[in-house]
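Heads up: the sequence lines are chains D and U, in that order.
Count along the first sequence starting at 1, add 434, and that's the number in the working numbering.
Count along the second sequence starting at 1, add 434, and that's the number in the working numbering.
The block underneath contains the structure these notes are about, expressed in structure tokens.
There are 2 protein chains.
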Amino acid sequence: MMEDMPPLVVACCQTAPSVGAVDDNLVALRAALGEALDAGAGIVVATELAGSGYAFADAEEARAHAEDLAGPTVSAYRDASQRGGGAVVVGGFCERGEDGNTYNSAVAVEAGAVLAVYRKLHLWHDEQSCFTPGAQAPPIVETRHGRIGVAICYDLEFPELTRALALRGADLLALPTNWPRTAIPPGERSMLGTLAMATARLSRTFVAVCDRAGAERGVDYEGASIVAGPDGYPLAESTDPLTPQVLTATVDLAHARDKRTGPRNDVVADRRPEVY
Amino acid sequence: MMEDMPPLVVACCQTAPSVGAVDDNLVALRAALGEALDAGAGIVVATELAGSGYAFADAEEARAHAEDLAGPTVSAYRDASQRGGGAVVVGGFCERGEDGNTYNSAVAVEAGAVLAVYRKLHLWHDEQSCFTPGAQAPPIVETRHGRIGVAICYDLEFPELTRALALRGADLLALPTNWPRTAIPPGERSMLGTLAMATARLSRTFVAVCDRAGAERGVDYEGASIVAGPDGYPLAESTDPLTPQVLTATVDLAHARDKRTGPRNDVVADRRPEVY
Chain D
435 MMEDMPPLVV ACCQTAPSVG AVDDNLVALR AALGEALDAG AGIVVATELA
485 GSGYAFADAE EARAHAEDLA GPTVSAYRDA SQRGGGAVVV GGFCERGEDG
535 NTYNSAVAVE AGAVLAVYRK LHLWHDEQSC FTPGAQAPPI VETRHGRIGV
585 AICYDLEFPE LTRALALRGA DLLALPTNWP RTAIPPGERS MLGTLAMATA
635 RLSRTFVAVC DRAGAERGVD YEGASIVAGP DGYPLAESTD PLTPQVLTAT
685 VDLAHARDKR TGPRNDVVAD RRPEVY
Chain U
435 MMEDMPPLVV ACCQTAPSVG AVDDNLVALR AALGEALDAG AGIVVATELA
485 GSGYAFADAE EARAHAEDLA GPTVSAYRDA SQRGGGAVVV GGFCERGEDG
535 NTYNSAVAVE AGAVLAVYRK LHLWHDEQSC FTPGAQAPPI VETRHGRIGV
585 AICYDLEFPE LTRALALRGA DLLALPTNWP RTAIPPGERS MLGTLAMATA
635 RLSRTFVAVC DRAGAERGVD YEGASIVAGP DGYPLAESTD PLTPQVLTAT
685 VDLAHARDKR TGPRNDVVAD RRPEVY
């Protein structure tokens, strides 16, 4: 029973991948995954396109970096997930589909086994020139630690998608992310963090966004990884966009099964779908 | 054309109504509406149940405070909306329906005319003992200043409702609110503010939440009124839960008609409703 489980650590491996530096990306990714597991993480989230780098010039360059489930990025996730008693890893990779298309994908693995592959539905900016958009709803994987919904970066801006994952039973939404930096007013956090917090609070789920650090081909990133709890507030949050880092938060995913916001209210049961 | 219009001021009249003090509530409400109009507001939002007070003990007490569209609270809104060239006012009132039921309602008036009445769909806590829930989707009113979607307080927690208002064309969501105070971690804002910001940002609308100040029958309120812009960040925000105040923000509602978040992205057009 989830209620009897020991504290669960969720980690975000905020690395700084770069196109053209695949070997370095993979070394840094494996090191960050190892650091997360050393910290006792049961669920580890990596960034979008963590092995290949993100800022492809065109479809040809993306295709040249695409890999299948035997490729080096997914292998890094699988290897990490076999550590100790077996962990869950959700991370991004540049996927070469059996159909020959290139996808901006995320994989969920547990104890060495691939549970699901998700192909990003909403493509941001020049991703539209590099990738085929996915055609399937995002998956929810049943793991030893709970139910994890998988989405990627810009998907977070579509409440239809995030709400559906929660209604389908996700305890935690895991989002590998590369969020370009935008102007942030003084004293405010990244809008990425605000959206993660609201998404968590609205459906009383956990949300783990693993953003990337640093810059790549002239684009700066937020480096704003965050783990938000069902009350919406951050359990862990990066405030340093420049520095690769491993964030950890201790969570009890059973709390996401309690949708009450008061003695007489429940964010799921109180919906009025017949009226909307 | 909206593009040629002068700057528009949106105001939130954060009063502190109390059951049993209707006369005082109405004096304070009229004074706050007047202050907003003196500040040049074209759109004014008042709190939930601004005339009657909020914390009814039971259905009988709510019924005793219910009014129709000729009642004192709606009259205060209509009178205010006739000031100058005519303003738009959205505010809460305890409604006695023609069906004899009591509703937690909001009215939208412009230049003395009632444009729409909305009956709260999602009832919070003991409102369930006092009110009949609404049965109709929230309205969008066409005004001289733009299209205003009307909802109330706890409705903000239902992304189905807020997203639908935006997709139906609302430039501004106006939410009369009485948000009970919750624990806020140091350095954070009210979750009410975070939800308003995310709601604005996700659909690139303006969101004006008029919360209430003070305490009533042992319940403290957030006093966290906020006007958020399409980028999600606050244009005006109360940080004082105890003090009645009139917040103002200058807005250009035309910005809510531009759903682009980048040169190749649009939060409405990029949706994948066939997949969700």
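Don't be surprised by glycine CBs; every beta carbon is placed ideally from N, CA and C.
It should be emphasised that the depicted structure is a prediction, and the values quoted were computed from it without experimental measurement.
Problem - CB contact check: residue 436 of chain D to chain U, cutoff 8 Å - result: Legend: pLDDT at residue 436 of chain D = 49, less than 50; position of this residue unreliable, no value from coordinates given.
Problem - Residues of the region 661-679 of chain U with Cβ closer than 9 Å to any Cβ of chain D, in chain order - result: 665, 666, 667, 668
Exercise for the section: Please compile the residues from chain D whose C-beta is within a distance smaller than 7 Å of the C-beta of residue 710 of chain U. Expected result: 571, 594, 595, 598
Practice task
Take the Cβ of residue 633 of chain D as the centre, count every other Cβ of all protein chains shown within 10 Å, and call the residue buried at 16 or more, exposed below.
Solution key: buried
Exercise for the section: Taking residue 701 of chain D as the query, report the chain U residues whose CB atoms sit under 9 Å from its CB, ordered along the chain. Expected result: 591, 592
Exercise for the section: Drop a sphere of 10 angstroms on the beta-carbon of residue 694 of chain U, count the other beta-carbons inside from all chains shown, and report buried for 16 or more, exposed for fewer. Expected result: exposed
Practice task
Using only the heavy atoms of the ligand GDP, determine whether one of them is closer than 7 Å to the beta carbon of residue 632 of chain U.
Solution key: Of ligands this structure carries none, so the ligand GDP is not represented either.
Problem - In chain order, each beta strand (DSSP E) run of at least 3 residues that lies wholly inside the region 582-619 of chain D - result: 606-610
Practice task
Say whether the region 505-518 of chain U touches the region 452-467 of chain U, bearing in mind that this needs 3 or more beta-carbon pairs closer than 8 Å, one atom from each stretch.
Solution key: yes
Exercise for the section: Identify whether residue 461 of chain U lies in helix, strand or coil by the three-state DSSP scheme. Expected result: helix
Handout entry: Three-state secondary structure (DSSP) of residue 654 of chain D
Key = strand
Problem - chain D contact for residue 558 of chain U (CB, 8 Å cutoff) - result: yes
Practice task
Kindly indicate which three-state DSSP category residue 511 of chain U falls into: helix, strand or coil?
Solution key: helix
Exercise for the section: Any chance you could list the alpha helix (DSSP H) runs of at least 4 consecutive residues sitting entirely within the region 469-524 of chain D, in chain order? Expected result: 493-499, 506-515
Exercise for the section: Can you tell me which of D:709, D:639, D:662, D:609 puts its alpha carbon nearest to the alpha carbon of residue 700 of chain D? Expected result: D:639
Handout entry: Rounded straight-line distance, which links the Cα of residue 517 of chain U to that of residue 546 of chain U
Key = 9 Å
Handout entry: Bridge-paired residues (DSSP) for residue 552 of chain U
Key = U:540
Handout entry: Per-residue contacts from residue 544 of chain D into chain U (C-beta, under 7 Å)
Key = Those do not exist, as residue 544 of chain D stays about 25 Å from chain U at its closest Cβ, beyond 7 Å.
Problem - Contact set for residue 531 of chain U: own chain, Cβ-Cβ below 6 Å, skip 5 residues either direction - result: 537
Handout entry: Residue environment, residue 563 of chain D, which counts as buried when at least 16 other CB atoms sit within 10 Å
Key = exposed
Problem - Cβ-Cβ separation, residue 523 of chain U to residue 480 of chain U (assumed contact under 8 Å), whole Å - result: 7 Å
Problem - Host beta strand (DSSP E) of residue 662 of chain D (start-end) - result: 660-662
Exercise for the section: Tell me whether residue 448 of chain U is buried or exposed, calling it buried when 16 or more other Cβ atoms sit within 10 Å of its Cβ. Expected result: buried
Exercise for the section: Mind listing the chain U neighbours of residue 555 of chain D? Cutoff is C-beta to C-beta under 7 Å, in chain order. Expected result: 706, 709
Practice task
Rounded to whole angstroms, what's the CA-CA distance from residue 567 of chain U to residue 483 of chain U? Just pull it up for me.
Solution key: 15 Å
Problem - chain D residues whose Cβ lies nearer than 7 Å to that of residue 484 of chain U - result: Result: empty, since nearest Cβ-Cβ is about 22 Å, beyond 7 Å.
Exercise for the section: For residue 661 of chain U, collect the residues of the same chain with a Cβ closer than 6 Å to its Cβ; drop the 5 residues on either side in sequence, then sort them by chain order. Expected result: 444, 642, 669, 670, 683
Problem - CB contact check: residue 635 of chain D to chain U, cutoff 8 Å - result: yes
Handout entry: Beta-carbon separation (whole angstroms), residue 596 of chain D vs residue 607 of chain D, contact threshold 8 Å
Key = 6 Å
Handout entry: Cα-Cα separation, residue 478 of chain U to residue 598 of chain D
Key = 34 Å
Handout entry: Interface flag, residue 628 of chain D vs chain U, CB-CB below 8 Å
Key = yes
Exercise for the section: Could you give the DSSP three-state label for residue 436 of chain U: helix, strand or coil? Expected result: Note that residue 436 of chain U scores 49 on pLDDT, short of 50, meaning its location in the model is unreliable; the coordinates nonetheless yield the value given after this. Here residue 436 of chain U sits in helix by DSSP.
Handout entry: Closest Cα partner of residue 494 of chain D within the set D:619, D:560, D:505
Key = D:560
Handout entry: For residue 672 of chain D and residue 681 of chain D, the rounded distance between their alpha carbons
Key = 7 Å
Handout entry: Interface residues of chain U facing residue 632 of chain D [CB-CB closer than 7 Å]
Key = 628, 629, 632
Practice task
State the beta-bridge partners of residue 442 of chain D as determined by DSSP.
Solution key: D:685
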